[in-house]
Amino acid sequence: MEANPRVLGTTSIIIPLALPKGTKKLCELCEGEARLQCTECRVTFYCGAEHQQADWVGIHERICQLLVRIRRPTLTTCLEKVKMIEICRLVAQSKLSEGKHQEALPAAQFCLHCSIDVHGPRTVHIFPAYLLLAEVNMGLGNLPRVAELLSQAEWAVLKSPEHAVHHRLHRSLGRLHTVTGNLEAALFHFANDIYFASEEFGLDSTVTRGGYFLMADVYAKLGQIAIARSLYSEVARTWNCHLTKLFESHVQNPDILLEPCHDEAQRGEVNEMLQTMLDFGQNDSRKDIGRLHLVTHCLAMLWFLGGDSLKALGFGSTALQASQLIPNHDLTEPIQCLLQLVQTSD
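Going by the working numbering, 228 is the number at position 185 of the sequence shown; the sequence numbering is gapless.
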């Protein structure tokens, strides 16, 4: 066995020639010839210690015993496989939100493998698993693999009538083309993303505005700053309205938990988007105080709802200063209310 100073999980050596005729064990991660077997579940194999350790950290520790029931045919149940898919999806998304793309890879890969086992290789049900694995590979810079996965996802949803499915596909394709520098193709896919998202969720939804934000980034790269400004302003207005409703609801009913979509991972994504718009505005030659007020107010509410009083206070103070520079608008009262709540909650 390969030497490793930190053992995670236990393995035993297998000898391929000693296996029954016609039997071939493949590595869980690379599908190369396996040399090691997990001794805890005895149904998972690896080419070496490096891939065993990577899989253990990525997902195997969480699902080791569940694999026993799934991979032994007499005990396999669809319910267990569906449970496995959900666990892998949540683990992969959690690691993605932390920027741990390499650690997210095993969970995302197994999510796809298990989805294919349950639903088959050419159904719309495996579409989310393709997108998840594509997102992981995009973070790792493995763009050819991303293109391959999105092509398979596109085939899987070809006949799907669901607008939400097509919106997610076009958004992923747009992001891929943005990274590869094919900006005209990116705009095409983001336009389709916005169309399908608006059909499913409404034009003013935060989901649809996500497409506006990505499109604005492309226009900024193309040097079409006026269009980027306009799109960013639309995004800021929608998110300000959405977060204001959440904030007011929380103030009226502080003991009621926030809606599930605003978990830590979601807050991280929204924060990154708002910070991008804030940086754009600060570097823009034409300062837009109105958008600065909206974005910093959004960030203050976001972090107040997330329980970070220090960040809420900092962004709230900036938003208050910006609001006082806007003539003929009474914008200071809601921010003062927020700042007062932040200070009393400490």
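We put the CB at the ideal spot given by N, CA and C, even for glycine.
Taking Cβ to Cβ, would you say Val86 is nearer than 8 Å to Arg105?
Position 43 of the sequence shown, counted from the first residue, corresponds to residue 86. Position 62 of the sequence shown, counted from the first residue, corresponds to residue 105. Contact flag unset, no.
Would Leu122 and Ala151 qualify as a contact pair, given that the criterion is a beta-carbon distance under 8 Å?
Here residue 122 corresponds to residue number 79 of the sequence shown, with the count starting at 1. Here residue 151 corresponds to residue number 108 of the sequence shown, with the count starting at 1. The answer is no: Cβ separation not under 8 Å.
When the distance is taken between beta carbons, is Ile130 closer than 8 Å to Ser158?
The residue given as residue 158 occupies position 115 in the sequence shown. The residue given as residue 130 occupies position 87 in the sequence shown. Result no, Cβ atoms of Ser158 and Ile130 do not sit closer than 8 Å.
Classify Asn326 as buried or exposed, calling it buried when 16 or more other Cβ atoms lie within 10 Å of its own Cβ.
Within the sequence shown, numbered from 1, the residue matching residue 326 stands at position 283. It is exposed - the Cβ of Asn326 has fewer than 16 other Cβ atoms within 10 Å.
Along the chain, where does the beta strand (DSSP E) that runs through Cys390 open and close?
Any answer about residue 390 is impossible in this case: the structure gives the chain only from 44 up to 389.
Got a sec? Which residues, its chain only, sit under 8 Å from Leu363 by beta carbon, not counting five neighbours each side?
Residue numbering aside, residue 363 sits at position 320 when the sequence shown is read from its first letter. Within the same chain, Leu363 has close Cβ partners Thr375, Ile378, Gln379, Leu382.
Reference Ala343; option with closest CA among Phe323, Gln367, Arg310, Ser328
Start at 1 with the first residue of the sequence shown, and residue 343 comes out as number 300. It is Arg310.
So, are the CB atoms of Ser55 and Gln95 less than 8 Å apart?
Here residue 55 refers to the residue found at position 12 of the sequence shown. Here residue 95 refers to the residue found at position 52 of the sequence shown. Contact: no.
Based on the DSSP output, what are the partners of Thr54 in its beta bridges?
The residue you call residue 54 lines up with position 11 of the sequence shown. According to DSSP, Thr54 bridges with Cys81.
With a cut-off of 8 Å on the beta carbons, I'd call Val167 and Ala199 a contact; round off their distance for me.
Position 124 of the sequence shown, counted from the first residue, corresponds to residue 167. Position 156 of the sequence shown, counted from the first residue, corresponds to residue 199. That belief holds up - the Cβ atoms of Val167 and Ala199 are roughly 6 Å apart, short of 8 Å.
Taking 8 Å as the threshold, find out whether the stretch 264–273 comes into contact with the stretch 233–253 through three or more Cβ pairs.
no
Cβ neighbour criterion (16 or more within 10 Å) applied to Val222
Numbered from 1 along the sequence shown, position 179 holds the residue referred to as residue 222. The residue in question, Val222, is exposed, as its Cβ has fewer than 16 Cβ neighbours within 10 Å.
Residue burial classification, Ser194 (beta-carbon count within 10 angstroms, cutoff 16)
As a first step, residue 194 must be located in the sequence shown, where it is residue number 151. So Ser194 ends up on the exposed side.
Roughly how many angstroms separate the alpha carbons of His232 and Gln386, rounded to a whole number?
As a position in the sequence shown, residue 232 is number 189, starting the count at 1. As a position in the sequence shown, residue 386 is number 343, starting the count at 1. Spanning the two alpha carbons is a distance of roughly 44 Å.
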